[in-house]
Amino acid sequence: MSHELGPLLLTFRLASVTTVILFCIGVPFAWWLANTRIRCKPAIEAMVSMPLVLPPSVLGFYLLLAFSPEHWFGQWLDRVAGLRLAFSFEGLVVASIIFSFPFLVHPVQAAFQSLPRSLHDAARVLGKSRWQIFFHVLLPNIKPALLSGTVLAFAHTVGEFGVVLMIGGNLPGQTRVASIAIYDEVESLNYAAANFYAGVLFVLSFLILLLVYVVNRRVPNGHG
Amino acid sequence: MICASIDKCLHGADGEFRLGAELEVAEGEFVALYGPSGVGKTTLLRCLAGLEQPERGLITVNGESWLDTAQGINLAPQLRRVGYMFQDYALFPNMTVRGNLEFALRPDANKKRVSELLDLMELGALQQRKPETLSGGQKQRVALARALASEPRMLLLDEPLSALDAEIRVRLQDEILRLQKHFGITAIIVSHDVGEVYKLAQRVMVMEAGTIVRQGTPTAVFCGGQTSGKFAFTGHILEIEAMDVLFSLTVLVGSQIVRVVASRDEVQQLQQGDRVMLVSKAFNPMVLKLAD
Chain A
2 MSHELGPLLL TFRLASVTTV ILFCIGVPFA WWLANTRIRC KPAIEAMVSM PLVLPPSVLG
62 FYLLLAFSPE HWFGQWLDRV AGLRLAFSFE GLVVASIIFS FPFLVHPVQA AFQSLPRSLH
122 DAARVLGKSR WQIFFHVLLP NIKPALLSGT VLAFAHTVGE FGVVLMIGGN LPGQTRVASI
182 AIYDEVESLN YAAANFYAGV LFVLSFLILL LVYVVNRRVP NGHG
Chain B
83 MICASIDKCL HGADGEFRLG AELEVAEGEF VALYGPSGVG KTTLLRCLAG LEQPERGLIT
143 VNGESWLDTA QGINLAPQLR RVGYMFQDYA LFPNMTVRGN LEFALRPDAN KKRVSELLDL
203 MELGALQQRK PETLSGGQKQ RVALARALAS EPRMLLLDEP LSALDAEIRV RLQDEILRLQ
263 KHFGITAIIV SHDVGEVYKL AQRVMVMEAG TIVRQGTPTA VFCGGQTSGK FAFTGHILEI
323 EAMDVLFSLT VLVGSQIVRV VASRDEVQQL QQGDRVMLVS KAFNPMVLKL AD
């Protein structure tokens, strides 16, 4: 049984690590993006949204090239941080962060933008610093968006296939996540195992989304 | 004493215009900025608070320089210690009424100030409520209490009562006046309501297209310096009806509908929706006291 659970556990470890890091990077980034007036903002927004439209294999292909020890970036990472990202768990985390970026950033950015400007102004006039405003006024009033963004990013990482296959391959315990395992089991006509993984993912995905809708209905929208 | 001179380019509905205003406000004075919307009243207020920066400007408050574009001085809004009431109240939706006031306290402030203000504004019963459950008038009172909780050196009020109905407005005007006197605080209110200006302000500055065109006591500014026995109201024409040789005008004055008779000559240049002044020259009106 432990053999069968491996890919599932790996999937949730990957999704959890990815989501935590993504949250820490993505929320401040969304705040910056919501407020910045720099010229190249459309270009940055387009870059953020790229994973939504690109075939995952395209992203995976370029990441694989960049991470490979042959490439200067891969060599630099290896030299500076001792990181080898191609065909490793760390590589999957990096790729998943990039791939799930818009799923967190979009709802959070939209929520920041829909907060009335006067809330920010009021807090400034009351003598509050940028960080006080961010943590005490802005973040608490976009809770529903933070929840949706986080859960979507998590769920999307759970469901990702193409990128993982390209840069992770199929190494048990390292990169063999559930979605890869399903594909693998089906290829070897082992339908029972595939069915087990697929069923677990199906039910869990539904429960996660159900949770979001139930909680968002209960939390009165802060800025409604 | 507040001395300010502000020069800023604004984008109005009819294209760009310059906000070029100079004003002086004495300690403890209550001043109104009066004028139609879109002439730069709110922007002037936001410049005073430091929420917007003019291209050129100078603001000194009791000798302390808040803004001097020539010398590159621009004190952050956090350091100006003004109390600002926003048109939409800007109460923090995630905090209770008490939470909003506590958040506004200065780090060295005595926590008792919150309870005092809640008592003073009769908000005690609402203190654990979230802003979204409050009525417009209640929100306005919380916003006023919050502005005062930060122990501001001046109070800036941006059309604070415009969203409220007439009865609550009058009550809250009394409240604002009472608190302004209680704390002896300098106050500047933006308003386009003559009644409000009359009631609250000692001095009114009339703004048109970015400049202050007239100023003085409300009586001097709105009555041209002379109160006569003339009886005059402004209102909007709701209906013009022909009656034999005369015409009947139905006019909305404040919240009251008045019917008056007009001659053909008078009616010729009028149409529905026009703003008119009803003046009675010859008769002294009867004054009847009403029960409350």
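Residue numbers (my numbering), protein chains in the order written: chain A, 2 to 225; chain B, 83 to 374.
Beta carbons are placed, not taken as given, at the ideal position from N, Cα and C, and that holds for glycine.
Residue i (DSSP reduced to helix, strand or coil)
i	result
L166(A)	helix
D79(A)	helix
M177(B)	coil
K90(B)	strand
F56(B)	In the structure as shown, chain B begins at 83 and stops at 374. Residue 56(B) is therefore absent and cannot be evaluated.
A302(B)	helix
H224(A)	With a pLDDT of only 42 at H224(A), under 50, the local geometry of the prediction cannot be trusted, and the value read off the model is given with reservation. If DSSP states are grouped into helix, strand and coil, H224(A) belongs with coil.
R125(A)	helix
I84(B)	strand
A114(B)	strand
E137(B)	coil
E214(B)	helix
A194(A)	helix
A245(B)	coil
A87(A)	coil
E161(A)	coil
E278(B)	helix
Where the beta strand (DSSP E) through residue i begins and ends
i	result
A56(B)	With chain B running from 83 to 374 in the structure shown, residue 56(B) is simply not present.
G7(A)	Note, G7(A): premise wrong, no beta strand (DSSP E); alpha helix (DSSP H) at 3-36.
Q297(B)	293-298
I181(A)	First-last for I181(A): 179-188, but that is the alpha helix (DSSP H), not the beta strand (DSSP E).
A269(B)	268-273
L239(B)	236-240
The ligand ZN heavy atom lying under 7 Å from the CB of residue i
i	result
I45(A)	Here there are no bound small molecules, and the ligand ZN is not part of this structure.
Span of the alpha helix (DSSP H) around residue i
i	result
F99(B)	F99(B) -> not in any alpha helix (DSSP H); beta strand (DSSP E) instead, spanning 97-107.
I250(B)	248-265
M51(A)	42-54
L205(B)	Unbroken run through L205(B): none, as it is neither H nor E.
K123(B)	123-131
G61(A)	57-68
Sub-8 Å separation of residue i and residue j beta-carbons
i	j	result
V361(B)	F329(B)	no
L230(B)	F265(B)	yes
A156(A)	L211(A)	no
Q110(A)	A44(A)	no
I267(B)	P242(B)	no
Q210(B)	T178(B)	yes
V27(A)	V106(A)	As written in the sequence, residue 27(A) is Gly, which differs from the Val given in the question. Contact: yes.
S89(A)	Q175(A)	yes
A179(A)	F104(A)	no
I294(B)	A103(B)	yes
I143(A)	F113(A)	yes
Y116(B)	M289(B)	yes
R177(A)	P8(A)	yes
V113(B)	A291(B)	no
L86(A)	F68(A)	yes
R285(B)	G298(B)	yes
G145(B)	C129(B)	no
L254(B)	Q222(B)	yes
W148(B)	R162(B)	yes
L105(B)	M236(B)	no
V340(B)	V349(B)	no
E323(B)	Q354(B)	no
F24(A)	T158(A)	no
Contacts of residue i in chain D (Cβ-Cβ under 7 Å)
i	result
P141(A)	No chain D is present in this structure, whose protein chains are A and B.
Within the stretch 141-197 of chain B, ranges of the beta strand (DSSP E) (whole runs, at least 3 residues) = 146-150, 164-167
Below 8 Å between beta carbons is the criterion; list the residues of the stretch 104-130 of chain A that meet it against any residue of chain B, in chain order.
-> P117, S119, L120, D122, A123, A124, R125, V126, L127, G128, K129, S130
Length-filtered (4 minimum) alpha helix (DSSP H) runs lying within the stretch 316-359 of chain B | 346-350
Could you run through the stretch 221-243 of chain B and flag, in chain order, every residue whose CB is less than 7 Å away from some CB of chain A?
-> From the stretch 221-243 of chain B, only S232 have a Cβ closer than 7 Å to chain A.
Contact list for the stretch 132-150 of chain B against chain A, Cβ threshold 9 Å = Per Cβ criterion, the list reads G132, L133.
Closer than 8 Å, Cβ to Cβ, to anything on chain A: give me those residues from the stretch 180-194 of chain B, in chain order.
-> F185, A186, R188
The stretch 303-337 of chain B: which residues have C-beta closer than 9 Å to a C-beta of chain A, in chain order?
-> For the stretch 303-337 of chain B, which is checked against every Cβ of chain A, not one residue is closer than 9 Å.
Which residues, in order along the stretch 260-281 of chain B, keep a beta-carbon less than 8 Å from a beta-carbon of chain A?
-> Against chain A - using a Cβ distance shorter than 8 Å - the stretch 260-281 of chain B contributes no residues.
Going along the stretch 149-163 of chain B in order, which residues come within less than 9 Å of chain A, judged by CB to CB distance?
-> Listed by position, the residues of the stretch 149-163 of chain B near chain A (Cβ gap below 9 Å) are A158, P159, Q160, L161, R162, R163.
Could you name the residues of the stretch 145-171 of chain A whose beta carbon sits closer than 7 Å to any beta carbon of chain B, in the order they occur along the chain?
-> none
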